[in-house]
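Residue numbers 1 to 50, in UniProt numbering, belong to the letters of the sequence shown in order.
C-beta atoms are modelled at their ideal positions from N, C-alpha and C, and glycine is treated no differently.
Remember, predicted model here, so these are calculated numbers, not experimental data.
Step one of this worksheet: look at the structure below.
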Amino acid sequence: DLGPRIAHALLPIKGKGGSDWSYSWIPVFGPIVGGVIAGLAAGPLLPILT
1 DLGPRIAHAL LPIKGKGGSD WSYSWIPVFG PIVGGVIAGL AAGPLLPILT
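Here's what the structure looks like:
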């Protein structure tokens, strides 16, 4: 979602609307938060699953 939003903001497209940057932080921080949660959950879960 972030790549197309950046391209939309930079490219000179006639009649385009806004890029709606109000929630653009979600595709940046969402994977980071998910990775941290998965990393924290892996420690306790790996002994149970193996």
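Cα-Cα separation between Trp21 and Leu10, rounded to whole angstroms:
Numbered from its first residue, the sequence shown carries residue 21 at position 21. Numbered from its first residue, the sequence shown carries residue 10 at position 10. The alpha-carbon atoms of Trp21 and Leu10 are separated by roughly 13 Å.
Mapping DSSP to helix, strand and coil, what is Gly35?
Within the sequence shown, numbered from 1, the residue matching residue 35 stands at position 35. Residue state, collapsed to three classes: helix.
Look at Pro31 and Leu2 and say whether their C-beta atoms are less than 8 Å apart.
Taking the first residue of the sequence shown as position 1, residue 31 is located at position 31. Taking the first residue of the sequence shown as position 1, residue 2 is located at position 2. For Pro31 and Leu2, no; Cβs fall outside 8 Å.
Per-residue DSSP class, three states only, for Ser22:
Position 22 of the sequence shown holds residue 22. If DSSP states are grouped into helix, strand and coil, Ser22 belongs with the helices.
Closer than 7 Å by C-beta to Arg5: which residues in its own chain qualify, once you throw out the five before and the five after it? Chain order, please.
Here residue 5 refers to the residue found at position 5 when the sequence shown is read from its first residue. Within the same chain, Arg5 has close Cβ partners Ser19 and Ser24.
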